[in-house]
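S.K.: Heads up: the sequence shown begins at 6 in our numbering, then just goes up one per residue. Beta carbons are placed, not taken as given, at the ideal position from N, Cα and C, and that holds for glycine. It should be emphasised that the depicted structure is a prediction, and the values quoted were computed from it without experimental measurement.
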Amino acid sequence: MTQSWKHRNWKSSLVSLVVVGGAIAGTATSAIAQVKGDNTIGTLVNGSLIAPCAAQTCTITGGTPVGANLLHSLEQLNRVNGQTANFLSPDGIQNLLVRITNGQPSNIDGQILVTNNGLNPNLFLMNPGGIIFGPNASLNVPGSFVATTANAIKLENGDIFSSNPAQPLPNQLLRVNPNALFANQLPAPIINRSIAINPVTGERTGLQVNNGRSLLLIGGEVRLEGGRLTAPGGRVELGAIATGSIGLQVTGNNLFLGSANGNLADVRLTNTAQVDVRAGGGGSIAVNAQNLTIADGSSLRAGIAPGQGTVGSQAGDIVINAAGEVLLTGALSLEDRSSILNSVGDRAAPAEGLGGTIQITANVLRVIDGAEISASTFGRGDPGNIFVQANRVYLEGGKVIDPSNPRTSFATSRIESRVEFGAQGTRKTVSVKTTEWLSASGGAYISTSTDGDGAAGTVILEVRNGEIRFDGIGPDGIASGAYSQVLPGAGGRGGDIIVRQPKLLTLTNGAVINTNTRGRQNAGTITIEQAGTIVLDGRSSRGFPSGLLAETNGDGDAGALVILGAGQLIVRNGALATARTSTEGNAGLLFVEAGSVTVEGRGSAIDLDTRSRSGGGNAGLLSINTRQLTLKNGGQVTAKTFGDGFGGFMQLTASDSITIDGEGSRLRFDTSGDGDAIGISIELGN
Numbered sequence: 006m007t008q009s010w011k012h013r014n015w016k017s018s019l020v021s022l023v024v025v026g027g028a029i030a031g032t033a034t035s036a037i038a039q040v041k042g043d044n045t046i047g048t049l050v051n052g053s054l055i056a057p058c059a060a061q062t063c064t065i066t067g068g069t070p071v072g073a074n075l076l077h078s079l080e081q082l083n084r085v086n087g088q089t090a091n092f093l094s095p096d097g098i099q100n101l102l103v104r105i106t107n108g109q110p111s112n113i114d115g116q117i118l119v120t121n122n123g124l125n126p127n128l129f130l131m132n133p134g135g136i137i138f139g140p141n142a143s144l145n146v147p148g149s150f151v152a153t154t155a156n157a158i159k160l161e162n163g164d165i166f167s168s169n170p171a172q173p174l175p176n177q178l179l180r181v182n183p184n185a186l187f188a189n190q191l192p193a194p195i196i197n198r199s200i201a202i203n204p205v206t207g208e209r210t211g212l213q214v215n216n217g218r219s220l221l222l223i224g225g226e227v228r229l230e231g232g233r234l235t236a237p238g239g240r241v242e243l244g245a246i247a248t249g250s251i252g253l254q255v256t257g258n259n260l261f262l263g264s265a266n267g268n269l270a271d272v273r274l275t276n277t278a279q280v281d282v283r284a285g286g287g288g289s290i291a292v293n294a295q296n297l298t299i300a301d302g303s304s305l306r307a308g309i310a311p312g313q314g315t316v317g318s319q320a321g322d323i324v325i326n327a328a329g330e331v332l333l334t335g336a337l338s339l340e341d342r343s344s345i346l347n348s349v350g351d352r353a354a355p356a357e358g359l360g361g362t363i364q365i366t367a368n369v370l371r372v373i374d375g376a377e378i379s380a381s382t383f384g385r386g387d388p389g390n391i392f393v394q395a396n397r398v399y400l401e402g403g404k405v406i407d408p409s410n411p412r413t414s415f416a417t418s419r420i421e422s423r424v425e426f427g428a429q430g431t432r433k434t435v436s437v438k439t440t441e442w443l444s445a446s447g448g449a450y451i452s453t454s455t456d457g458d459g460a461a462g463t464v465i466l467e468v469r470n471g472e473i474r475f476d477g478i479g480p481d482g483i484a485s486g487a488y489s490q491v492l493p494g495a496g497g498r499g500g501d502i503i504v505r506q507p508k509l510l511t512l513t514n515g516a517v518i519n520t521n522t523r524g525r526q527n528a529g530t531i532t533i534e535q536a537g538t539i540v541l542d543g544r545s546s547r548g549f550p551s552g553l554l555a556e557t558n559g560d561g562d563a564g565a566l567v568i569l570g571a572g573q574l575i576v577r578n579g580a581l582a583t584a585r586t587s588t589e590g591n592a593g594l595l596f597v598e599a600g601s602v603t604v605e606g607r608g609s610a611i612d613l614d615t616r617s618r619s620g621g622g623n624a625g626l627l628s629i630n631t632r633q634l635t636l637k638n639g640g641q642v643t644a645k646t647f648g649d650g651f652g653g654f655m656q657l658t659a660s661d662s663i664t665i666d667g668e669g670s671r672l673r674f675d676t677s678g679d680g681d682a683i684g685i686s687i688e689l690g691n
């Protein structure tokens with residue numbers, strides 16, 4: 006529903022914006038780079054109420070004070086490269102509220118400056134006709150900055166500062182903050198193309214506010230077309246509202262958007278656009294939109310900046326709410342991908358501190374063409390958690406950066422939390438919850454891993470009564486699926502993978518769910534709870550099996566594979582369900598509880614074994630509890646050792662029947678090395 010601007014039931018300490026207006030062309034430019042007052046509320050431009058200013062510096066004074074707010078009204082605000090609009094802030098002013106009234110977009114390719122009185126005032130720029138920041142646009146604002154194409158700002162007492170000069174002004178005696186923004190019809194967009202260079206650091210930071218300050222863009226659409234937004238240790242919010250209102254909390258220089266009441270619009274980051282809030286601590290990003298697109302190597306970046314932070318530093322969060330789709334697509338290189346990142350340091354320079362959370366709520370999430378969502382640590386400190394909640398989630402393939410060498414230049418689409426080489430951090434969680442669909446194909450994956458001394462995290466896939474489909478491999482040979490891994494030489498323990506309540510779980514053409522240690526510590530456990538049907542089918546084009554794999558290729562022990570309360574488990578066409586070791590570690594537990602279990606086809610197996618030739622790795626326990634167990638056309642259930650360790654113990658319970666049919670089908674428990682096979686127990690019902 007659309008919220009009327011006359012509504013008075015607003016929480017205290019919030020400001021509102023109202024939006025009206027039409028679309029603007031993304032290539033619009035101003036005919037004259039001028040600033041001009043409109044002679045409505047006493048705003049002076051270089052001392053004049055109405056004379057246009059096209060000088061290098063246009064100084065804005067006068068206006069109408071309303072408590073700690075100073076209201077300005079301009080007919081035009083346009084600046085080209087090298088020009089400045091300087092707003093003078095008198096004593097006692099905390100917020101400068103500036104409206105543009107001619108219905109045309111403001112084209113700003115110069116500097117917006119606030120000369121302050123020591124209070125570090127915030128600047129609110131409102132133009133329903135649209136706002137375009139050019140490639141040279143920059144901010145020099147002591148407080149926080151808000152740009153909006155809303156058509157009204159509501160104050161805490163309910164009064165309105167409208168973009169329409171015919172509307173009455175707020176009560177001039179009250180000291181109240183802005184409280185909300187309003188949109189009565191589809192407002193114009195805000196476009197940012199700024200890649201301005203920070204004169205101190207020499208880096209391209211685009212529109213930048215001071216450390217700890219907030220930078221908010223609220224429009225009908227918000228488009229970062231190669232532009233950058235930077236708020237070190239502060240807050241960036243992107244809000245796109247088509248009609249209705251959105252709350253705004255103002256506490257000093259800390260600004261936060263509240264919930265939206267109405268229809269949302271789209272936010273788009275393209276052409277390597279970037280939002281960066283990294284610092285020694287703090288720094289958060291929020292996006293509220295109908296659809297969010299991050300493309301062409303664009304990124305949202307939070308976390309502890311390289312070389313900064315201390316042991317107790319805490320990074321802020323990235324929170325995305327989209328009523329429609331969140332789309333991440335594209336990669337320019339293996340390092341420069343379309344991405345959402347919350348990290349402690351980077352590959353070039355480690356850092357210290359705790360990573361923040363990435364939280365995405367949407368109807369649909371798509372991560373395709375080499376894009377990534379990542380929470381990692383490159384130094385001392387824990388990575389953050391990743392929480393995704395959507396009706397449908399798609400991870401698709403990746404991008405070959407160098408067609409002449411696809412195996413080593415494949416940028417995989419992924420969601421991952423990682424402790425990098427040499428880093429220290431404890432385990433965190435990657436949680437994906439959907440109601441309908443979760444898929445990964447063409448080598449895309451969801452992963453937690455450790456390449457350092459920290460433990461890998463937990464992967465939780467919760468698809469209540471929906472479907473999980475993992476299929477195929479990428480050009481680099483990596484299988485689609487879900488992983489929790491300890492990489493070679495790492496000292497951290499592997500994490501667990503938990504799959505909850507899918508109606509259907511299918512792994513095909515080499516796709517896997519895999520806990521694996523190639524380091525010194527143990528692998529984690531795969532647990533599948535209350536699945537309807539589980540289908541493991543076929544092998545990849547390179548001959549690797551689809552499957553559920555709890556294994557070790559290092560010194561640690563394999564984890565467990567536990568299937569609880571499944572309707573049916575089908576393993577066919579060379580697929581595997583296994584807990585195994587191929588080195589000196591011990592194989593783990595393999596436990597299956599399902600209504601029916603079918604293993605069909607040559608090379609298909611439920612398998613518990615150790616293949617160590619140089620050590621004494623032992624196989625563990627294989628237990629199947631089912632109504633019907635069927636092995637046919639070469640399907641096998643095995644517990645065995647090919648080395649010096651003991652073979653596993655097999656325990657089979659079938660309330661109805663066990664059927665073994667066709668050449669090569671078998672129950673097998675043995676050893677082909679010096680170790681002993683332990684035995685088998687079979688219990689049949691009626």
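1. Check whether the Cβ atoms of I196 and A152 sit closer than 8 Å, and answer yes or no.
2. Look up R371 in the DSSP assignment and say whether it is helix, strand or coil.
3. Would you list the one or two residues that DSSP bridges to L5?
4. Rounded to a whole number of angstroms, what is the C-alpha to C-alpha distance between T32 and P411?
5. Using a C-beta cutoff of 8 Å, does V437 count as contacting chain C?
6. I need the straight-line Cα distance from L626 to Q656, nearest angstrom please.
7. With a CB to CB cut of under 6 Å and the five nearest residues on each side skipped, what residues in its chain are close to S444?
8. G286 and R218: beta carbons closer than 8 Å?
9. Keeping to the same chain, check which residues put their C-beta closer than 6 Å to that of L689; ignore five residues upstream and five downstream.
10. Which residue wins for smallest C-alpha separation from N189, given the options G225, P175, P173?
11. Closest to L102 by CA distance: which of G108, G72, P110 is it?
12. Please report how far the alpha carbon of L339 lies from the alpha carbon of K41, in whole angstroms.
13. When the distance is taken between beta carbons, is L566 closer than 8 Å to L541?
14. Nearest to R283 by CA position, among S304, V272, L174, is which residue?
15. Going straight from the alpha carbon of G267 to that of I246, what length do you get?
16. Straight-line CA distance for V255 to F150?
17. Please state whether DSSP places F415 in a helix, a strand or coil.
18. May I have the straight-line CA-CA distance separating A336 from F415, to the nearest angstrom?
19. With C-beta atoms as the reference, is F383 less than 8 Å away from S348?
20. Assign V316 to one of two classes, buried (16 or more other C-beta atoms within 10 Å of its C-beta) or exposed (fewer than that).
21. With distances taken from CA atoms, which of I483, N296, Q313 is nearest A395?
22. Rounded to a whole number of angstroms, what is the C-alpha to C-alpha distance between A291 and G163?
23. Take R469 and list the residues in its own chain whose beta-carbon comes closer than 6 Å to its own, dropping the five residues that flank it on each side.
24. According to DSSP, is G31 part of a helix, a strand, or is it coil?
25. Using DSSP with H/G/I as helix, E/B as strand and the rest coil, what is Q279?
26. Just tell me which of I465, R342, Y488, E425 has its CA closest to the CA of S418.
27. Taking the straight line between their C-alpha atoms, what separation do you get for N215 and V146?
28. How is the beta strand (DSSP E) around Q39 delimited, first residue to last?
29. Nearest by alpha-carbon distance to K433: which of V464, S409, Y450 is it?
30. Write down every uninterrupted run of the alpha helix (DSSP H) in the stretch 540-589 whose length is 4 residues or greater and which is fully enclosed by it, in chain order.
31. With a CB to CB cut of under 6 Å and the five nearest residues on each side skipped, what residues in its chain are close to R534?
32. Rounded to a whole number of angstroms, what is the C-alpha to C-alpha distance between I158 and F129?
33. Taking just the CA atoms, how far does N83 sit from P57?
M.R.: To lay it out plainly:
1. Walking along the sequence shown from the start, residue 196 turns up at place 191. Walking along the sequence shown from the start, residue 152 turns up at place 147. No, the pair does not count as a contact, with Cβ atoms beyond the cut-off.
2. Position 366 of the sequence shown, counted from the start, is the residue given in the question as residue 371. Looking at R371 - three-state DSSP - the assignment turns out to be strand.
3. With the chain running from 6 to 691 in the structure shown, residue 5 is simply not present.
4. For the purposes of this step, residue 32 is taken as residue 27 along the sequence shown, with counting starting at 1. For the purposes of this step, residue 411 is taken as residue 406 along the sequence shown, with counting starting at 1. Any reading at T32 needs caution, since the residue's pLDDT is 39, under 50, leaving its predicted position unreliable; the model's value is listed next. About 38 Å.
5. The structure shown contains no chain C; it holds only a single protein chain.
6. Translated into the one-based positions of the sequence shown, residue 626 becomes position 621. Translated into the one-based positions of the sequence shown, residue 656 becomes position 651. L626 and Q656: Cα-Cα distance of roughly 8 Å.
7. By 1-based counting over the sequence shown, the position of residue 444 is 439. Closer than 6 Å at Cβ, skipping near neighbours: Y399, R474.
8. For the purposes of this step, residue 286 is taken as the residue at position 281 of the sequence shown. For the purposes of this step, residue 218 is taken as the residue at position 213 of the sequence shown. Cβ distance not < 8 Å, so G286 and R218 don't count as in contact.
9. The residue you call residue 689 lines up with position 684 of the sequence shown. Within the same chain, L689 has close Cβ partners A659.
10. Within the sequence shown, numbered from 1, the residue matching residue 189 stands at position 184. Residue G225 is the option with its Cα nearest to N189.
11. Walking along the sequence shown from the start, residue 102 turns up at place 97. It is G72 whose Cα lies nearest to the Cα of L102.
12. On the sequence shown, residue 339 is found 334 positions in, with the first residue counted as 1. On the sequence shown, residue 41 is found 36 positions in, with the first residue counted as 1. If you take the alpha carbons of L339 and K41, they lie about 48 Å apart.
13. Start at 1 with the first residue of the sequence shown, and residue 541 comes out as number 536. Start at 1 with the first residue of the sequence shown, and residue 566 comes out as number 561. Cβ distance not < 8 Å, so L541 and L566 don't count as in contact.
14. In the sequence shown, residue 283 corresponds to position 278, counting from 1. Answer by Cα proximity: S304.
15. Position 262 of the sequence shown, counted from the first residue, corresponds to residue 267. Position 241 of the sequence shown, counted from the first residue, corresponds to residue 246. Approximately 7 Å between the Cα atoms of the pair.
16. What you label residue 255 is simply residue 250 of the sequence shown in a count that begins at 1. What you label residue 150 is simply residue 145 of the sequence shown in a count that begins at 1. Taken atom to atom, the span from the alpha-carbon of V255 to that of F150 is near 11 Å.
17. The residue given as residue 415 occupies position 410 in the sequence shown. Strand.
18. The sequence position of residue 336 within the sequence shown is 331, counting from 1. The sequence position of residue 415 within the sequence shown is 410, counting from 1. Rounded to whole angstroms, A336 to F415 spans 10 Å at the Cα level.
19. Position 378 of the sequence shown, counted from the start, is the residue given in the question as residue 383. Position 343 of the sequence shown, counted from the start, is the residue given in the question as residue 348. Yes.
20. What you label residue 316 is simply residue 311 of the sequence shown in a count that begins at 1. Exposed, by the Cβ-count rule.
21. Numbered from its first residue, the sequence shown carries residue 395 at position 390. For the residues I483, N296, Q313, the minimum Cα distance to A395 belongs to N296.
22. Taking the sequence shown and counting its residues from 1, the one referred to as residue 291 is at position 286. Taking the sequence shown and counting its residues from 1, the one referred to as residue 163 is at position 158. If you take the alpha carbons of A291 and G163, they lie about 26 Å apart.
23. Here residue 469 refers to the residue found at position 464 of the sequence shown. Contacts found: Q506.
24. On the sequence shown, position 26 is the one that residue 31 refers to. Because the pLDDT of G31 is 40, which lies under 50, any placement of that residue in the model is unreliable, and the number read from its coordinates should be weighed accordingly. Three-state result, G31: coil.
25. Within the sequence shown, residue 279 is the residue found at index 274, counting from 1. In this structure, Q279 counts as strand in the three-state DSSP scheme.
26. Position 413 of the sequence shown holds residue 418. It is R342.
27. Mapped onto the sequence shown, residue 215 falls at position 210. Mapped onto the sequence shown, residue 146 falls at position 141. Per the coordinates, the alpha-carbon of N215 lies some 8 Å from the alpha-carbon of V146.
28. Walking along the sequence shown from the start, residue 39 turns up at place 34. In the DSSP annotation of this structure, Q39 is not part of any beta strand (DSSP E), being labelled neither H nor E.
29. One-based indexing of the sequence shown puts residue 433 at position 428. Nearest option by C-alpha distance: V464.
30. For secondary structure counted as the alpha helix (DSSP H) over 4 or more consecutive residues, the stretch 540-589 holds no complete run.
31. Numbered from its first residue, the sequence shown carries residue 534 at position 529. Correcting the residue type first, residue 534 is Glu in the shown sequence and not Arg. Hits under 6 Å: R505, L569.
32. Within the sequence shown, the letter at position 153 stands for residue 158. Within the sequence shown, the letter at position 124 stands for residue 129. Looking at the two C-alpha atoms, the distance is approximately 9 Å.
33. Against the sequence shown, residue 57 aligns to sequence position 52. Against the sequence shown, residue 83 aligns to sequence position 78. In a straight line, the C-alpha of P57 is about 11 Å away from that of N83.
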